[in-house]
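Following: one structure in structure tokens, then a few remarks.
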Amino acid sequence: TITTPSKWSKRHLSWRVRTFPKESRLGHDTVRALMYYALKVWSDITPLNFHEVAGTDADIQIDFSKADHNDGYPFDGPGGTVAHAFFPGDHHTAGDTHFDDDEAWIFRSTDAHGMDLFAVAVHEFGHAIGLAHTSATESIMRPYYQGPVGDPLKYDLPYQDKVRAWQLYGVRESVSHTIRPDVTRTADPPVLPELPENRSTVPPARDAPDRCNIHFDAVAQIRGEAFFFKGKYFWRLTREKHLVSLRPAQIHRFWRGLPLNLDSVDAVYERPVDHKIVFFKGDKYWVFKDNNAEEGYPRPVTDFGLPLAGVDAAFVWAHNEKTYFFKDGQYWRYDDHTRQMDLGYPKDTVLWKGVPTFLDDAMRWSDGASYFFKGKEYWRVKDSDVEAEEGYPRSIGRDWLLCTEMQSDSPASDINTTETRFRQGQHHESRSENGYEVCSCTS
Amino acid sequence: APSLTAEQINTGVDWLSKFGYLPPPDPATGQLQTKEALTNAIKAMQRFGGLQDTGELDEATLLLMKTPRCSLPDLMEGGTRRRKR
Chain A
16 TITTPSKWSK RHLSWRVRTF PKESRLGHDT VRALMYYALK VWSDITPLNF
66 HEVAGTDADI QIDFSKADHN DGYPFDGPGG TVAHAFFPGD HHTAGDTHFD
116 DDEAWIFRST DAHGMDLFAV AVHEFGHAIG LAHTSATESI MRPYYQGPVG
166 DPLKYDLPYQ DKVRAWQLYG VRESVSHTIR PDVTRTADPP VLPELPENRS
216 TVPPARDAPD RCNIHFDAVA QIRGEAFFFK GKYFWRLTRE KHLVSLRPAQ
266 IHRFWRGLPL NLDSVDAVYE RPVDHKIVFF KGDKYWVFKD NNAEEGYPRP
316 VTDFGLPLAG VDAAFVWAHN EKTYFFKDGQ YWRYDDHTRQ MDLGYPKDTV
366 LWKGVPTFLD DAMRWSDGAS YFFKGKEYWR VKDSDVEAEE GYPRSIGRDW
416 LLCTEMQSDS PASDINTTET RFRQGQHHES RSENGYEVCS CTS
Chain B
2 APSLTAEQIN TGVDWLSKFG YLPPPDPATG QLQTKEALTN AIKAMQRFGG
52 LQDTGELDEA TLLLMKTPRC SLPDLMEGGT RRRKR
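If you're matching them up, the sequences are chains A and B in order.
Here the first sequence stands for residues 16 to 458, where the numbers follow this note's numbering.
Here the second sequence stands for residues 2 to 86, where the numbers follow this note's numbering.
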């Protein structure tokens with residue numbers, strides 16, 4: 016039921032798009048990007064922090080639904096009511112945001128009958144953090160749809176919306192609440208939003224490793240996605256386990272704040288308590304909020320109660336939400352909530368049966384299992400078991416990184432592979448032919 | 002307004018109830034909305050929507066009611082709105 020809006024007592028809120036529009040031209044990544052930027056509008060001015068998660072227990076569940084969807088607020092087809100969100104609170108639907116899947120959701124479109132998804136999302140997330148409707152003509156919280164609001168990357172909330180958000184949560188550090196921004200808006204056409212990563216157009220350097228023929232430095236599940244790190248590069252897989260690009264991205268171009276002379280990382284994990292991301296290298300570690308390093312880092316790994324030698328692997332076991340560190344045949348169990356190492360550790364890694372003693376890294380995955388990586392192989396340990404499943408180890412390249420037997424995707428070997436195929440008279444679709452790069456598209 | 006059809010009035014009443022301007026009719030007692038309550042609700046809706054508050058379901062008001070919008074009410078329970086005893 017709708018009551019007077021309240022506010023969140025916590026400052027870190029998780030979100031996820033649970034269901035996507037079914038007949039929209041907007042791809043899943045675009046929808047997620049628009050949600051990201053619509054939430055960012057509010058977190059830019061308040062101390063709230065939003066992070067996308069993969070699990071089922073996100074604070075803000077986003078759905079595209081039709082007609083009656085069992086929340087007491089049935090949609091009514093095209094037009095009419097287009098979206099709603101639930102105010103903060105203790106009830107399980109608090110913060111949840113629903114968009115009418117019968118609307119023609121658009122972005123950067125001249126379709127006069129379309130609903131600009133970003134504009135509506137900013138309004139609804141205003142409700143999700145506790146703002147009610149207002150009659151103020153300049154407000155994004157007016158109940159009526161007022162058309163697109165421009166480029167999500169440049170959107171600036173009307174001043175009175177900022178004031179109302181500040182009344183609930185206070186002002187985010189680095190935001191001045193005394194400066195009333197110029198209300199004139201530029202007429203720049205909106206640009207296609209990008210996901211928060213820095214999508215580089217710079218071709219990979221010659222030293223970019225071949226993902227099918229390497230041992231990884233670190234593997235981590237971050238925001239529900241898988242990241243494979245090697246040297247100065249990393250590959251990224253979506254939650255559906257689709258490789259975002261065959262090309263690795265450069266660590267420094269995405270994870271901002273790591274020293275430029277850092278040539279690799281040892282282990283990475285996402286902290287369960289606040290979803291910040293921790294990078295380990297040698298005797299130091301860095302904490303990232305999203306993809307920016309926080310001030311005050313690096314710090315010594317002894318903060319965790321770990322020896323100065325550092326760690327080989329770090330992962331959060333879904334079974335108990337504890338963080339496990341591995342180094343040279345030993346492992347430790349750490350509680351991120353109390354920020355203390357559990358007593359009785361380190362223990363011998365042989366307790367994890369079937370898993371190699373010396374690991375490259377480990378991670379949890381959204382299937383509830385834990386995955387251990389060593390060399391070109393990986394092992395799966397399901398649920399609360401401490402023994403690798405039968406049938407493992409399996410090939411990392413084949414199961415995770417779109418590699419086939421004898422395949423290589425390094426620039427040099429691409430040429431060799433292509434040449435070999437041509438010589439043999441084969442006409443399989445190549446990943447790099449006639450000077451064109453071929454991407455792996457996930458949506 | 003005399004030119005309004007019964008359907009338009011019903012639609013208007015439904016709309017005003019849905020978005021918090023009128024208390025929902027009580028299905029148990031068959032309570033009807035009074036003309037005064039309806040006029041006040043229309044005025045409140047018009048002021049909230051930036052229209053002149055005539056208290057009548059005129060063309061501009063009906064047009065605004067057809068404008069795509071958020072499902073949440075404009076006036077909340079437990080707010081500052083006075084309730085009839």
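C-beta atoms are modelled at their ideal positions from N, C-alpha and C, and glycine is treated no differently.
Close beta carbons around residue i, own chain, < 7 Å, minus the five adjacent residues each side
i                : result
Ser399 (chain A) : His334
Ala136 (chain A) : Leu49, Met50 and Ala53
Pro25 (chain B)  : Ser18
Glu8 (chain B)   : none
Ala38 (chain B)  : Leu23
Lys391 (chain A) : His230, Ser410, Ile411 and Gly412
Extent of the continuous beta strand (DSSP E) run through residue i
i                : result
Ile77 (chain A)  : Ile75 to Ser80
Phe90 (chain A)  : First-last for Phe90 (chain A): undefined, no H or E at that position.
Asp176 (chain A) : Note, Asp176 (chain A): premise wrong, no beta strand (DSSP E); alpha helix (DSSP H) at Tyr174 to Tyr184.
Ala61 (chain B)  : Ala61 (chain B) -> not in any beta strand (DSSP E); alpha helix (DSSP H) instead, spanning Glu60 to Met66.
His99 (chain A)  : Thr96 to Ala100
Ile292 (chain A) : Ile292 to Lys296
Gln345 (chain A) : Gln345 to Asp350
His113 (chain A) : Thr112 to Asp115
Phe243 (chain A) : Glu240 to Lys245
Phe303 (chain A) : Lys299 to Lys304
Cβ distance (whole Å) where residue i is taken to contact residue j below 8 Å
i                : j                : result
Asp111 (chain A) : Ala100 (chain A) : 7 Å
Glu285 (chain A) : Ile229 (chain A) : Incorrect: roughly 23 Å between the Cβ atoms, too far for contact.
Val56 (chain A)  : Ser29 (chain A)  : Not really, about 17 Å apart at Cβ, beyond 8 Å.
Phe243 (chain A) : Leu417 (chain A) : Incorrect: roughly 12 Å between the Cβ atoms, too far for contact.
Gly412 (chain A) : Arg226 (chain A) : 7 Å
Leu273 (chain A) : Ala308 (chain A) : 6 Å
Arg379 (chain A) : Phe330 (chain A) : 6 Å
Phe122 (chain A) : Phe140 (chain A) : Rounded, the Cβ-Cβ distance is 16 Å, inconsistent with contact.
Tyr460 (chain A) : Thr68 (chain B)  : Look at the range of chain A in this structure, 16 to 458, and you will see that residue 460 (chain A) is not part of it.
Pro103 (chain A) : Ser154 (chain A) : The pair is not a contact, with the Cβ atoms about 19 Å apart (cut-off 8 Å).
Leu277 (chain A) : Lys304 (chain A) : In fact, because the Cβ distance is near 18 Å, the residues do not count as touching under 8 Å.
Arg262 (chain A) : Asp59 (chain A)  : That belief does not hold up - the Cβ atoms of Arg262 (chain A) and Asp59 (chain A) are roughly 31 Å apart, past 8 Å.
Ser72 (chain B)  : Ala98 (chain A)  : 7 Å
Val234 (chain A) : Phe90 (chain A)  : About 41 Å separates the two Cβ atoms, so there is no contact after all.
Arg48 (chain B)  : Ser24 (chain A)  : Going by Cβ atoms, the distance from Arg48 (chain B) to Ser24 (chain A) rounds to 34 Å, so no, they are not a contact pair.
Buried versus exposed call for residue i [16 or more other C-beta atoms within 10 Å across all chains shown]
i                : result
Phe373 (chain A) : exposed
Glu118 (chain A) : buried
Ile10 (chain B)  : exposed
Ser385 (chain A) : buried
Ala127 (chain A) : exposed
Leu41 (chain A)  : buried
Gln76 (chain A)  : buried
Asp75 (chain B)  : buried
Asp115 (chain A) : buried
Lys36 (chain B)  : exposed
Glu310 (chain A) : exposed
Lys247 (chain A) : buried
Gly162 (chain A) : exposed
Gly70 (chain A)  : exposed
Cys138 (chain A) : Looking at the sequence shown, residue 138 (chain A) is not Cys but His. Flag for His138 (chain A) reads buried.
Ser481 (chain A) : Residue 481 (chain A) is absent from the model: chain A starts at 16 and stops at 458.
Arg31 (chain A)  : buried
Cβ neighbours of residue i in the same chain (closer than 6 Å, five flanking residues each side left out)
i                : result
Ala403 (chain A) : Gly369, Val370, Trp394 and Val396
Gly50 (chain B)  : Leu65
Gly344 (chain A) : Thr364 and Thr372
Gly13 (chain B)  : Leu58
Ala328 (chain A) : Ala282, Phe341, Leu374, Asp376 and Ala377
Thr40 (chain B)  : Gly56
Gly21 (chain B)  : Pro74, Asp75 and Leu76
Residue range of the alpha helix (DSSP H) that includes residue i
i                : result
Ser18 (chain B)  : Ala7 to Lys19
Trp332 (chain A) : Run containing Trp332 (chain A): none in the alpha helix (DSSP H); it sits in the beta strand (DSSP E), Ala328 to Trp332.
Tyr51 (chain A)  : His43 to Ser58
Trp415 (chain A) : Ile411 to Trp415
Glu392 (chain A) : From DSSP, Glu392 (chain A) is part of no alpha helix (DSSP H) but of the beta strand (DSSP E) over Glu392 to Val396.
Ala42 (chain B)  : Lys36 to Phe49
Ile237 (chain A) : First-last for Ile237 (chain A): Ala233 to Ile237, but that is the beta strand (DSSP E), not the alpha helix (DSSP H).
Same chain only: Cβ atoms within 8 Å of residue i, ignoring 5 sequence neighbours per side
i                : result
His290 (chain A) : His27, Ser29, His66, Val68 and Arg238
Gly320 (chain A) : Trp347, Tyr349, Gln355 and Met356
Val401 (chain A) : Leu366, Trp367 and Lys368
Thr419 (chain A) : Arg413
Phe35 (chain A)  : His43, Val46 and Phe79
Val288 (chain A) : Asp351 and His352
heavy atom of the ligand ZN below 6 Å from residue i C-beta
i                : result
His128 (chain A) : As for the ligand ZN, it is missing from this structure, which has no ligand bound.
With a threshold of 8 Å, are at least 3 pairs of Cβ atoms found where one atom belongs to the region 241–260 of chain A and the other to the region 313–327 of chain A? In short, these stretches do not touch, since the Cβ pair count stays below three.
Using 8 Å as the cut-off, can you tell me whether the region 169–188 of chain A makes contact with the region 139–151 of chain A, which would need three or more C-beta pairs spanning the two stretches below that distance? With the cut-off at 8 Å, the region 169–188 of chain A and the region 139–151 of chain A touch.
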